[in-house]
Structures are given as C-alpha cells and as structure tokens.
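Residue numbers (the numbering used here), protein chains in the order written: chain A, 36 to 138; chain B, 36 to 138.
There are 2 protein chains.
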Amino acid sequence: MGPARSLEHPTPEQMSLDSILSALADPVRRTIVAQLAGGHDDQACIAFALPVSKSTSTHHFRVLREAGIISQQYRGTSILNGLRTEELNLRFPGLLDAVLAAN
Amino acid sequence: MGPARSLEHPTPEQMSLDSILSALADPVRRTIVAQLAGGHDDQACIAFALPVSKSTSTHHFRVLREAGIISQQYRGTSILNGLRTEELNLRFPGLLDAVLAAN
DNA sequence: TTGCTTGTACGAGATTCATCATACTACGAT
DNA sequence: ATCGTAGTATGATGAATCTCGTACAAGCAA
C-alpha cells in the first residue's frame, strides 16, 4: 500500500482571524463546532445530523479545517474530526470559548 | 424644527451571534471597531481612514450598527459612533475582548 | 469480485456581499 | 441665499459562497 491519504492543516501562525470568524459565522458550521466541543474528539462526518446534503457537508468541514478550527484524519472510509482547542486557545485566546458560550 | 433624525439600534436580546460574527469577519469593519476601542467614543465616520469609498464606508457602519456592535447618533452633519461595549459584554461575554485582542 | 459505506470532485444555480460612481439630503457657516 | 461638509440612496458590477445533484474514489465486508 502507498502512503496514507492526508489532509492539510494550517499551523497556528497560519491561522487568520479573518478565516476563523468567517468560518464561525455560518450556523451549520457552528453546529459542527458545538457538537465537537460537547462530545468526544473522534466523530465521523456522518455522525453530524446536518440539515444539508452530503456534498454541502463536505464543503463545511473543509472550510473549518482550512481555517484551523478542526482537525481531520482519515480512518478507513471515514474521517475523524476533532476540535483544535489547544491551538486555537494559543492563537486566539478566549475566542472559541466566547463563541461556544454564546451559541 | 421637527424631531431629530434617529437611527435604529437592536436591543441586546435582538442581537444574533450570526450577525455579530458576520460583521466582525470583515477586516474593514474590524478596523473601525479597533479604532473605537482604542479611542474616545464619539468619532465621526470621517475620522476613520478607511481604504474604501464614502458609500462603502456608509455600508460598513450600517452593518456594524444593525448587528449591535456600534451606536450611531446624529450630531449636526456628522454622526457620532460609539462601541456598545457594555451591552456586548452582557449579551456575548468575552467575545469582543477576544476579537480585539486577536486583531 | 461484488456490493456497501463514507466522503470527494465537479459542475451549476441562486444568493449574498463588497465595492464603486453618481445624485441626493441635511446641516452649519458665511 | 449660497456654499461646503458629512453622510445616504440607488443602481450596477464582480466576486464569493451556500446549496444541490450526479458521478466518482477509497476502503471494508461478504
């Protein structure tokens, strides 16, 4: 077998407030973030009951990952999603908590 | 003379996280917010050296006001702009500070 | 191999939004 | 009254984005 599939994640330095706030401005994406914050850090995309189609789901997960808010890792046919809590708190202290509390 | 011109402001209950985050996601609008946070609370729109045209400025100030982030009050031919710090902290605790610190 | 599950790629459509220029209003000063 | 300043209204344009369906790829199970 070849190298495992992998997905690009920005480093904390590469995260921009612009991307973070734009990403969090969408209610569907905040639903994902809230569910990740409330549960374990290894939920597949399918575990989120989102009110959109499968391809739209893919889109939202990618926006969150590219902003640096979530991590994504292949695991079989699924993807394990996690909140990048520590890195976010490092880069933008208090921001994630404030948004989660307000949601 | 008739009644003074007035502008609509949402109450804290009417503020939505959606509008707040969308408003703060724009860099021009964050420039305005940052300048208000750093200075006095009575700066006219003209006092902001924004890299956009006059009509675009009007647009951004309105978005901020309708989201509940700034207050606007007519004063002669000008408008006095202020940050609604207390009300924002009441409705979305920590959010404004986190964004200002990250900016 | 065959089929099933999970997610992606690739358009396409509709909406939103940031931007501008022009014309306009409201107010104050001269 | 006239003029200048501050901001608004309106309409246009181009870019971004949220959405979908369909077709596809990758992995696992039987």
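Built from N, CA and C at the ideal position, the CB exists for glycine as well. The structure displayed is predicted, hence computed values, not measured ones.
Item	Value
Check whether chain B comes within 7 Å of A/F83, counting only Cβ atoms and requiring the distance to be less than that.	no
Comparing the C-beta of A/L118 with each C-beta of chain B, is any distance below 7 Å?	no
Let me see if you follow: with CB-CB separation under 7 Å, is B/S88 close to chain A or not?	no
If we count the other Cβ atoms within 10 Å of its Cβ and call it buried at 16 or more, is B/L123 buried or exposed?	buried
Are the C-beta of A/L59 and some C-beta of chain B separated by less than 7 Å?	yes
Are B/L56 and B/V134 close, meaning C-beta to C-beta below 7 Å?	no
Establish whether the CB of B/L52 and some CB of chain A are separated by less than 7 Å.	yes
CA-CA distance, A/P128 and B/N138?	11 Å
What do you reckon, are the CB atoms on A/L42 and A/R64 nearer than 7 Å?	no
At the level of alpha carbons, what is the spacing between A/E48 and A/A102?	11 Å
Leaving out five residues on either side along the sequence, give the residues of the same chain with a beta carbon under 8 Å from the beta carbon of A/D61.	H95, V98
Just checking B/L125 against the ligand HEM - is the residue's beta carbon closer than 6 Å to any of the ligand's heavy atoms?	Absence of the ligand HEM is noted for the structure shown, with no ligands found whatsoever.
How far does the beta strand (DSSP E) with A/Q107 in it extend, from its first residue to its last?	105 to 110
Residues bridged to A/G117 by DSSP?	A/S106
How many angstroms separate the CA atom of A/I114 from the CA atom of A/Q107?	6 Å
Which residues of chain B have a Cβ atom closer than 9 Å to the Cβ of A/L130, listed in chain order?	G129, L130, A133, V134, A136, A137
Name the one or two DSSP bridge partners that B/Q78 has.	B/N116
When we look at the beta-carbon of A/R40 and count the other beta-carbons within 10 Å, is it buried (16 or more) or exposed?	exposed
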